[in-house]
Amino acid sequence: DHLLDAAPQAAVVPKPKGSSSKGRKSVQQTVPGPVPVGAVQAITAGGRVATILERKQRGWFAVALDGNVNDEGGAFERKSMRRPMFAPGQDALLDRARESAPSQQSKRPQAGAPEERAAQRQRFER
Numbered sequence: 010d011h012l013l014d015a016a017p018q019a020a021v022v023p024k025p026k027g028s029s030s031k032g033r034k035s036v037q038q039t040v041p042g043p044v045p046v047g048a049v050q051a052i053t054a055g056g057r058v059a060t061i062l063e064r065k066q067r068g069w070f071a072v073a074l075d076g077n078v079n080d081e082g083g084a085f086e087r088k089s090m091r092r093p094m095f096a097p098g099q100d101a102l103l104d105r106a107r108e109s110a111p112s113q114q115s116k117r118p119q120a121g122a123p124e125e126r127a128a129q130r131q132r133f134e135r
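Residue numbering for the sequence shown follows my numbering, beginning at 10 and increasing consecutively.
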């Protein structure tokens with residue numbers, strides 16, 4: 010006899026289909042989160058109101074969706090959206106959204122004048 014044969018075993022309960030939690034939070038918000046001062050609102054391509062929290066790099070916008078639910082996202086979901094995901098004709102509105110704070114991960118500073126760069130190059134070549 011093996012020692013584990015007498016130990017109590019936990020019942021195995023299969024997960025219901027479609028309840029995968031990979032890469033997504035399963036928390037449903039019922040109230041909107043905090044909105045920064047100066048945030049603008051735009052209409053998504055699906056007709057929802059999106060509060061633009063900030064304009065990120067490379068054409069992305071951080072938004073908080075309205076309290077409705079559709080294929081664009083859940084109620085009060087915060088997500089990133091690109092310009093084509095908004096209804097047409099809102100370019101001026103989207104351009105007014107506040108820009109995100111500069112990244113703390115900056116590249117190392119470059120030497121200013123060409124003479125300084127040449128002097129650095131000579132030091133490294135030795």
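All C-beta atoms in this analysis are idealised placements derived from N, C-alpha and C, irrespective of residue type, glycine included.
What is the C-beta distance between residue i and residue j, in whole angstroms, given that I count them as a contact (C-beta under 8 Å)?
i: valine 78; j: leucine 62; result: Not confirmed; about 19 Å, so no contact.
i: proline 41; j: phenylalanine 85; result: 5 Å
Do you know offhand how far residue i's Cα is from residue j's?
i: valine 49; j: glutamate 81; result: 19 Å
i: valine 46; j: threonine 60; result: 11 Å
i: phenylalanine 95; j: proline 111; result: 24 Å
i: alanine 51; j: glycine 83; result: 17 Å
i: arginine 105; j: glutamine 99; result: 10 Å
i: arginine 91; j: leucine 103; result: 10 Å
i: arginine 87; j: alanine 101; result: 22 Å
i: serine 109; j: alanine 54; result: 23 Å
i: valine 58; j: arginine 67; result: 22 Å
i: serine 89; j: alanine 127; result: 43 Å
Within 10 angstroms of the Cβ of residue i, are there 16 or more other Cβ atoms? Answer buried if so, exposed if not.
i: threonine 39; result: exposed
i: serine 35; result: Only weak support exists for where serine 35 lies, its pLDDT of 45 falling under 50; the value from the coordinates is given anyway. Its Cβ having fewer than 16 others within 10 Å, serine 35 is exposed.
i: aspartate 75; result: buried
i: glutamate 125; result: exposed
Out of the options, which one is the CA nearest neighbour of residue i?
i: tryptophan 69; options: Pro93, Phe85, Gly56, Gly83; result: Pro93
i: glycine 56; options: Pro97, Arg67, Lys88; result: Pro97
i: arginine 107; options: Arg87, Ser89, Lys65; result: Lys65
Does the ligand ZN have a heavy atom nearer than 7 Å to the CB of residue i?
i: arginine 105; result: Inclusion of the ligand ZN in the displayed structure is not the case, the ligand content being empty and no account of it being possible.
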